[in-house]
Amino acid sequence: MQVKKLGYILFVGVIATICILPVAVMPWQTEKAVGNEQLASFPELRKEDGSFNTGILNEFSDYFADHFGLRHEMITLNDQLTGTVLKTLDSSSVLLGKDDWLFYKSTLADYTGAEPFTARQSYAAAHVLGLMQEYCEENGIGFCFTIAPNKNSLYGGQMPARYTAASVRNAQLLQQQMEQQNVRYVDLFKTLSDHEEQLYYRRDSHWNMRGAQLAAQTLLKELKGSEAEFDSCINGKTSPHTGDLYEMVYPAGNETEQDTAYDFTYQYDEKFHSADDITIHTENSAADESIFVYRDSFGINLHPFLAQSYGNACFSRNMPYLLTAVTEEQPDVLLVELVNAT
1 MQVKKLGYIL FVGVIATICI LPVAVMPWQT EKAVGNEQLA SFPELRKEDG
51 SFNTGILNEF SDYFADHFGL RHEMITLNDQ LTGTVLKTLD SSSVLLGKDD
101 WLFYKSTLAD YTGAEPFTAR QSYAAAHVLG LMQEYCEENG IGFCFTIAPN
151 KNSLYGGQMP ARYTAASVRN AQLLQQQMEQ QNVRYVDLFK TLSDHEEQLY
201 YRRDSHWNMR GAQLAAQTLL KELKGSEAEF DSCINGKTSP HTGDLYEMVY
251 PAGNETEQDT AYDFTYQYDE KFHSADDITI HTENSAADES IFVYRDSFGI
301 NLHPFLAQSY GNACFSRNMP YLLTAVTEEQ PDVLLVELVN AT
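Per full-length UniProt numbering, the sequence shown runs over residues 1 to 342.
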């Protein structure tokens with residue numbers, strides 16, 4: 001009986017420790033957001049008008065869910081277990097593919113063709129691009145549009161077998177309309193899909209530096225009419241990269257992917273902080289012409305190659321697109337780069 005009683009006590013003690021520990025370490029832990037999540041702030045007892053905050057309990061519940069101790073470690077352990085045992089992830093945003101490849105779940109609708117553009121939607125999107133092109137040409141600025149392919153558009157073989165790829169996707173429907181409306185477009189799908197080298201990260205949603213290089217070379221051939229050479233900029237080293245999808249499901253993990261490293265000669269202006277800046281300006285005295293690029297997160301790896309190729313370049317993440325901002329810069333060409341999940 002004593003042994004049995006001791007077993008009960010130990011069991012209760014372990015459960016109590018597991019429950020208390022996340023609360024006990026909260027004062028000493030600074031919680032960081034995972035991926036694109038917005039952490040709940042500590043609730044206020046009273047609202048701005050001085051009245052009592054009747055939703056304080058719900059707000060505190062949200063705050064605790066985002067800030068309890070060892071949260072990242074528990075999320076990581078949970079997804080490691082479900083990934084290993086069940087071959088799936090307990091995540092609303094990330095999909096586990098074959099060979100531990102990770103994909104954004106938000107791209108599933110496009111991959112499977114569950115939400116195809118209507119004829120009206122594809123026409124309207126192409127028409128807007130056509131109007132942008134017309135405005136640029138009236139102001140002496142060239143125009144070009146390109147789509148950065150979703151990872152599963154190129155690496156569908158790494159997707160779980162339960163998902164069937166659509167025969168026609170939205171990018172193709174849009175491309176048909178752009179051709180009819182004479183919108184200048186560079187097709188990166190064909191270029192990247194014809195290449196045997198791995199051009200996207202396994203645990204990130206974006207192209208790697210080699211993929212960005214090939215995309216830039218394809219764009220520059222259209223924009224400047226000549227082949228761009230970047231292999232001479234490769235410094236022979238590698239750069240560790242932590243994937244955005246990896247951080248979302250394994251926030252306490254430390255695995256990285258090795259990426260190709262480059263040495264470029266262009267210069268950032270004095271306002272530059274990081275590749276996530278809303279606006280980036282670069283100069284390269286060894287290059288000519290100027291470019292304005294409206295870009296998304298794929299521009300993080302793409303922009304160094306374009307900056308190297310133009311005397312002056314401006315890269316912007318502002319939305320919606322302001323064409324007046326483009327005319328203020330007076331570039332030779334406007335490039336709009338957009339991921340095809342958008």
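Every residue, glycine too, gets a C-beta built ideally from N, C-alpha and C. Please read all numbers here as calculations on a predicted model, not as lab measurements.
C-alpha distance - residue i paired with residue j, whole-angstrom precision
i           : j           : result
residue 201 : residue 165 : 20 Å
residue 242 : residue 255 : 7 Å
residue 289 : residue 311 : 5 Å
residue 316 : residue 292 : 8 Å
residue 321 : residue 294 : 7 Å
residue 333 : residue 227 : 17 Å
residue 221 : residue 211 : 16 Å
residue 49  : residue 58  : 19 Å
residue 91  : residue 9   : 35 Å
residue 87  : residue 136 : 49 Å
residue 141 : residue 330 : 7 Å
residue 208 : residue 237 : 15 Å
residue 116 : residue 195 : 27 Å
residue 105 : residue 130 : 31 Å
residue 340 : residue 45  : 44 Å
residue 335 : residue 285 : 21 Å
residue 161 : residue 299 : 31 Å
residue 188 : residue 338 : 11 Å
residue 277 : residue 89  : 31 Å
residue 152 : residue 93  : 15 Å
residue 324 : residue 305 : 25 Å
Own chain, CB closer than 7 Å to residue i, minus 5 neighbours either side, in chain order
i           : result
residue 133 : 143, 183, 184
residue 297 : 206
residue 77  : none
residue 186 : 144, 146, 218, 219, 222
residue 214 : 191, 192, 195, 199
Of the residues the options, the one placed nearest residue i, counting alpha carbons only
i           : options            : result
residue 156 : 145, 98, 216, 50   : 98
residue 102 : 252, 116, 332, 79  : 79
residue 193 : 175, 228, 159, 150 : 150
residue 190 : 326, 181, 219      : 219
residue 240 : 104, 261, 53       : 261
residue 274 : 301, 257, 263      : 301
residue 146 : 131, 123, 171      : 171
residue 309 : 340, 327, 216, 247 : 216
residue 173 : 113, 162, 337, 247 : 113
residue 263 : 319, 299, 248, 233 : 233
residue 203 : 244, 177, 167      : 244
residue 180 : 153, 284, 85, 125  : 125
residue 82  : 336, 339, 249      : 249
residue 346 : 198, 279, 214      : In the structure displayed, the chain extends from 1 to 342; residue 346 sits before or after that span and is not available.
residue 118 : 75, 148, 6, 168    : 168
Three-state class that DSSP yields for residue i in the structure shown
i           : result
residue 109 : helix
residue 409 : Here the chain has residues from 1 to 342 only, and residue 409 is not among them.
residue 261 : strand
residue 181 : coil
residue 338 : strand
Cutoff 6 Å; reference residue i; Cβ partners in own chain excluding five residues on either side
i           : result
residue 303 : 315
residue 282 : 266, 268, 307, 313
residue 158 : 97, 98, 101
residue 279 : 316
residue 122 : 173, 174, 177
residue 139 : 327
residue 75  : 251
residue 95  : 103, 105
Min CB distance residue i to chain C below 7 Å
i          : result
residue 54 : The structure shown contains no chain C; it is built from a single protein chain.
Proximal residues to residue i (C-beta, below 8 Å), its chain only, five neighbours per side dropped
i           : result
residue 163 : 108, 111, 112
residue 246 : 102, 203, 204, 253, 255
Could you tell me which uninterrupted beta strand (DSSP E) segments, each at least 3 residues in length, are contained entirely in the region 187-256, listed from first to last along the chain? Fully enclosed beta strand (DSSP E) runs of 3 or longer: 234-241.
Just to confirm the assignment: which complete alpha helix (DSSP H) runs, minimum length 4, are found wholly within the region 273-313? 299-309
Quick one: which unbroken beta strand (DSSP E) runs of 3-plus residues sit fully inside the region 80-154? Chain order, please. 94-96, 102-104, 142-148
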